[in-house]
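A.B. asks: Residue numbering for the sequence shown follows this note's numbering, starting at 15 and increasing by one per position. The beta carbon of each residue, even a glycine, is placed where N, CA and C say it ideally should be. Remember, predicted model here, so these are calculated numbers, not experimental data. Have a look at this one before I ask anything.
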Amino acid sequence: IPENVSPSRTELHVYRVNVDGVTLERAQASIRLAGNVITPPLIVQRRVIFVTDRREIHIFNIDPNNKKEPVTVLASQPASLSSPMVTHLVVRDSTLFIGDRRLAKHEIRLTTSELQTPYIVNEGDVFDGPLHMVGEAVVHQRRPKLGAGMTITAAAIDDEAKPIWTTYLGQPVLSATLNQEDKAIDVLTSGAALFRVTQDQLSSDATLDTPFDTEGAGVGIFDTVLDMGDSKQALYSTTDQTSVIVYDPKATTTRLRQTRLNMSGARVGGPAMHFADGLLLPLASGEVTVLNYQTGAPKMAAFLPPREPGETVRWARPALVQDGKEFVISDDKKNIFRVGLSPPNTPPALKQLASAVLTTGLGDRLAASGDQVYGVLPDPSGDLLLRFNKRNLKQEQELALQGKVFWGPEAVGGRVFVGVESMGTEEAAPDAEEAEGPVLELLCLDGSDKPLWKSALPYGKLTGLPLAQG
Numbered sequence: 015i016p017e018n019v020s021p022s023r024t025e026l027h028v029y030r031v032n033v034d035g036v037t038l039e040r041a042q043a044s045i046r047l048a049g050n051v052i053t054p055p056l057i058v059q060r061r062v063i064f065v066t067d068r069r070e071i072h073i074f075n076i077d078p079n080n081k082k083e084p085v086t087v088l089a090s091q092p093a094s095l096s097s098p099m100v101t102h103l104v105v106r107d108s109t110l111f112i113g114d115r116r117l118a119k120h121e122i123r124l125t126t127s128e129l130q131t132p133y134i135v136n137e138g139d140v141f142d143g144p145l146h147m148v149g150e151a152v153v154h155q156r157r158p159k160l161g162a163g164m165t166i167t168a169a170a171i172d173d174e175a176k177p178i179w180t181t182y183l184g185q186p187v188l189s190a191t192l193n194q195e196d197k198a199i200d201v202l203t204s205g206a207a208l209f210r211v212t213q214d215q216l217s218s219d220a221t222l223d224t225p226f227d228t229e230g231a232g233v234g235i236f237d238t239v240l241d242m243g244d245s246k247q248a249l250y251s252t253t254d255q256t257s258v259i260v261y262d263p264k265a266t267t268t269r270l271r272q273t274r275l276n277m278s279g280a281r282v283g284g285p286a287m288h289f290a291d292g293l294l295l296p297l298a299s300g301e302v303t304v305l306n307y308q309t310g311a312p313k314m315a316a317f318l319p320p321r322e323p324g325e326t327v328r329w330a331r332p333a334l335v336q337d338g339k340e341f342v343i344s345d346d347k348k349n350i351f352r353v354g355l356s357p358p359n360t361p362p363a364l365k366q367l368a369s370a371v372l373t374t375g376l377g378d379r380l381a382a383s384g385d386q387v388y389g390v391l392p393d394p395s396g397d398l399l400l401r402f403n404k405r406n407l408k409q410e411q412e413l414a415l416q417g418k419v420f421w422g423p424e425a426v427g428g429r430v431f432v433g434v435e436s437m438g439t440e441e442a443a444p445d446a447e448e449a450e451g452p453v454l455e456l457l458c459l460d461g462s463d464k465p466l467w468k469s470a471l472p473y474g475k476l477t478g479l480p481l482a483q484g
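Written out as structure tokens, the structure reads:
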């Protein structure tokens, strides 16, 4: 009987029934486990398997004829989670699967009393339900890391859990676009399914079960929509990073098309964006490349600043300047660059136009308004908003925000917007209500020394980009 005596400790009590079959009596001293027992144990013949919420594994052998110590440890693994997590487990014969923030296959070696781990997959994903072993497959449900929705997957037990089939559930809407020509709303889900909502369907409260176009459906979970110009959009996954789904409302045949990206084994090191009619990708190797989103091939020579051998780089999201013909980008090595295109009648390439070394690092995104580029410096006592001249990248202002940035900076309609959560100050937005606790504000910046305006957000944090009108 497990007793969770504290968040970090469980006492496993062992009792036996006396000869009359009515009274319980203690059979041996209790066994201490790290973490709490949340998931019911598995019983396989004379073995009982316990896994705690700290991923400590104990496989006990039960010998009722042993009057002194009927429960002994057959195999075990120490706790490996720093914070509690519900674990799911399934066992068949000597094979044990455990799912929590990963899926691990274990083999129980009875002859040597060992618990071996042939493979671990899906690191960072969250396993949300029971595991099942069906034939040669383990069936699981999980939420992809940084992704959206849920996947139900049958994975090959003996082939490192490679998917046999996958079904995607609970896929939220990523974009809704008014299609003027067809007088309908085109809705794209995170599973790359296109639904078309007509005026008649809107007025009749109809339920749409069948996608209008499924060319890209089932190929993965996407979490980012990029505006590619000329009404085109690209669905991009920050976890998969190997392909995009291009949505073209003007296409005469299929409106969705998958493009495999020619990454040559490289890993993405920052957010993607549209640039020079291509897909701009900052790479962890230190390069910044632009790929043709229709073919997946490079459009031009990459930008490659000096790096140490084997150095890994994390890039911020770039800010577009010069009407989208240049961009400013910073890295986690305290460097900031302005990059543009090579001159006409020369081989296409990304060219460095300016650079500077920062005194401190910036946040994960930049945004521009006019000649000014904004970035956020996280600080425990209150974030700082830094403003740079786009031409020479010289820092021109450091503005204390008296709070933490929860959204932005984002460029919309020639302005930059930042969402700030603070405890309230005398300079709060004029429409902010007096209340205890955090205050949410939206700041509008136009490149001058002070915010153009502030506005309270009484209904909560922003979930998308504002719409500029006029």
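Taking the alpha-carbon positions, what's the M314 to P362 distance?
C.D. replies: Between M314 and P362, the C-alpha separation is close to 5 Å.
A.B. asks: Answer with buried or exposed for W329, where buried requires no fewer than 16 other C-beta atoms within 10 angstroms of its C-beta.
C.D. replies: So W329 counts as buried.
A.B. asks: Would you kindly check if the distance between the Cβ of D254 and the Cβ of S204 is under 9 Å?
C.D. replies: The answer is no: Cβ separation not under 9 Å.
A.B. asks: Answer yes or no: do P423 and L380 have a C-beta to C-beta separation smaller than 9 Å?
C.D. replies: Yes, they are a contact pair.
A.B. asks: With three or more beta-carbon pairs closer than 8 Å as the criterion, would you say the segment 270 to 284 touches the segment 192 to 199?
C.D. replies: Touching, no, given that fewer than three Cβ pairs across the two stretches are closer than 8 Å.
A.B. asks: The ligand GTP and G184: does any heavy atom of the ligand fall closer than 8 Å to the residue's C-beta?
C.D. replies: Because no ligand of any kind appears in the structure shown, any question about the ligand GTP cannot be addressed here.
A.B. asks: Here's the rule: buried if 16 or more other CB atoms are within 10 angstroms of the residue's CB, otherwise exposed. What is P263?
C.D. replies: When all chains shown are included, P263 counts as buried.
A.B. asks: For E440, which residues of its own chain have a beta-carbon under 7 Å away from its beta-carbon, when the five flanking residues on both sides are left out?
C.D. replies: At E440 the pLDDT is 45, less than 50, meaning the model places this residue with poor confidence; the figure from the coordinates comes in the next sentence. So the list is empty, once near-sequence residues are dropped.
A.B. asks: Since I57 sits in a beta bridge, which residues does DSSP pair it with?
C.D. replies: In DSSP, I57 forms a bridge with V62.
A.B. asks: Give me whichever residues DSSP pairs with L183 in a beta bridge.
C.D. replies: DSSP output for L183 lists M164 as bridge partner(s).
A.B. asks: Compute the Euclidean distance between the alpha carbons of Y6 and S218, then round it to the nearest angstrom.
C.D. replies: A query on residue 6 cannot be resolved here, the shown segment of the chain reaching from 15 to 484 and no further.
A.B. asks: Beta-carbon within less than 7 Å of D241's beta-carbon, same chain only, minus the 5 sequence neighbours each way: which residues are those?
C.D. replies: Here the set comprises Q247, H288.
A.B. asks: Taking C-alpha atoms, which residue in S90, Y133, T24, A207 lies nearest to S127?
C.D. replies: Of the listed residues, the one whose Cα sits closest to S127 is S90.
A.B. asks: Rounded to whole angstroms, what's the CA-CA distance from L30 to Q130? Just pull it up for me.
C.D. replies: Going by the sequence as given, residue 30 is Arg instead of Leu. Rounded to whole angstroms, R30 to Q130 spans 31 Å at the Cα level.
A.B. asks: If you draw a straight line from the C-alpha of E39 to the C-alpha of R61, how long is it?
C.D. replies: Between E39 and R61, the C-alpha separation is close to 21 Å.
A.B. asks: Report the residue from T374, V33, K475, V327 whose alpha carbon sits nearest the alpha carbon of A298.
C.D. replies: Nearest of T374, V33, K475, V327 to A298, Cα basis: V327.
A.B. asks: With a cut-off of 8 Å on the beta carbons, I'd call R69 and S94 a contact; round off their distance for me.
C.D. replies: Yes, R69 and S94 are in contact; Cβ-Cβ is about 5 Å, under 8 Å.
A.B. asks: Quick check on DSSP: helix, strand or coil for S436?
C.D. replies: Three-state result, S436: strand.
A.B. asks: G384 and L400: beta carbons closer than 9 Å?
C.D. replies: Cβ distance not < 9 Å, so G384 and L400 don't count as in contact.
A.B. asks: Between which two residues does the alpha helix (DSSP H) containing S218 stretch?
C.D. replies: Element bounds for S218: 213 to 218.
A.B. asks: Reducing DSSP to helix, strand and coil, say where I15 ends up.
C.D. replies: In this structure, I15 counts as coil in the three-state DSSP scheme.
A.B. asks: From I52, A43, V453, pick the residue whose C-alpha is nearest to that of S20; which is it?
C.D. replies: Answer by Cα proximity: I52.
A.B. asks: In chain order, what residues of the same chain have a beta carbon less than 6 Å from the beta carbon of W467, not counting five sequence neighbours either side?
C.D. replies: Counting only Cβ-Cβ distances below 6 Å, and skipping sequence neighbours, we find C458.
A.B. asks: Taking the alpha carbon of S22 as the point to measure from, which residue in V104, T66, G113, V153 has its own alpha carbon closest?
C.D. replies: If we check each option's Cα against that of S22, T66 comes out closest.
A.B. asks: State the start and end residues of the unbroken beta strand (DSSP E) segment that holds M314.
C.D. replies: M314 -> no beta strand (DSSP E), and no H or E assigned at all.
A.B. asks: Rounded to the nearest angstrom, what separates A170 and Q336 at their Cα positions?
C.D. replies: So the alpha carbons of these two residues sit roughly 51 Å apart.
A.B. asks: Given that a residue counts as buried once 16 or more other Cβ atoms are within 10 Å of its Cβ, and exposed if not, what is A382?
C.D. replies: It is buried - the Cβ of A382 has at least 16 other Cβ atoms within 10 Å.
A.B. asks: Compare the C-alpha of G433 against each of V353, L398, R116 and name the closest.
C.D. replies: Measuring from the Cα of G433, the nearest candidate turns out to be L398.
A.B. asks: For R401, which beta-bridge partners are listed by DSSP?
C.D. replies: According to DSSP, which records beta bridges pairwise, R401 is partnered with Y388, Q411.
A.B. asks: By DSSP, does T253 sit in helix, in strand, or in coil?
C.D. replies: T253: coil per DSSP, three-state reduction.
A.B. asks: Just how far apart, CA to CA, sit F64 and I71?
C.D. replies: Taking the straight line from one Cα to the other gives about 6 Å.
A.B. asks: Ordered along the chain, which non-local residues of its own chain (more than five positions away) have a Cβ less than 6 Å from that of L318?
C.D. replies: Correct list, in chain order: E301.
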